[in-house]
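K.L.:
Residue numbers (our numbering): 1118 to 1287.
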Amino acid sequence: MSGRWKNRLIARIITRFPSLSRRVVEAYSPRESQDIPWVPVTKPLYACTLALVTTAGVHRRDQQPYDMNDRDGDPTFREIPVDTPPDEFMITHDYYDHTDADRDINIVFPLERIEEFASEGIIGGVARAHYAFMGHITGRHLFTLMQVSAPEVASRLKDQGADIVLLTPG
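1. Heavy atom of the ligand COA less than 7 Å from the Cβ of Q1180, yes or no?
2. Where does F1234 sit, in a helix, a strand or coil, going by DSSP?
3. List the DSSP bridge partners of V1282.
4. Measure the CB-CB distance between I1231 and D1219 and report whether it falls below 8 Å.
5. Confirm, please, whether the CB-CB distance from V1225 to T1285 is below 8 Å.
6. Take R1257 and list the residues in its own chain whose beta-carbon comes closer than 8 Å to its own, dropping the five residues that flank it on each side.
7. Tell me which residues share the same chain as V1282 and place their Cβ nearer than 6 Å to its Cβ, disregarding the 5 neighbours each side in the sequence.
8. Classify A1173 as buried or exposed, calling it buried when 16 or more other Cβ atoms lie within 10 Å of its own Cβ.
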């Protein structure tokens, strides 16, 4: 059985049998960091520009899919312009069942919802670009994710004036 089919099968089984997913979560030992660069929000939400960042494996159909053949994941990111039509999105990620998100991308990448928030004045605006990663980055790719990809995305978000970021998992 290929690695991709195995991953998809495991994702479907865990989704169908929640008790198994609890065991996986309980056995998981996350990497801990003491130096998370949290920055307090200094202005009201109605004045903030919001950007989306997801680890759900979302990308545009015309962008290169994430590498699902690498057991350690794919530490690269995809920049997604705000004006991307919903039917241009797809998900390349084998480590979770994204059947529902394939039907409605807003489940994992709620771009239409944040645009509604901006039009209603709940947030000040929507960033002109958003960013997507593939979750499940391990082993040798952790360094690239933490020291190259994530800082590059943070710099881009800062350059475009994003005040807050909504992080969505897959």
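Positions of the beta carbon are idealized from the N, C-alpha and C atoms, including for glycine.
P.N.:
Considering the structure as presented:
1. For the ligand COA, the structure offers nothing, since it holds no ligand at all.
2. Secondary structure of F1234 (DSSP, three-state): helix.
3. Bridge partners of V1282: A1168.
4. Not in contact: I1231 and D1219 (Cβ atoms no closer than 8 Å).
5. Closer than 8 Å, so yes.
6. Residues D1189 of the same chain have their beta carbon placed closer than 8 Å to that of R1257, with the five preceding and five following residues left out of the count.
7. Excluding sequence neighbours, V1282 sits near A1168, V1170.
8. Classification for A1173: buried.
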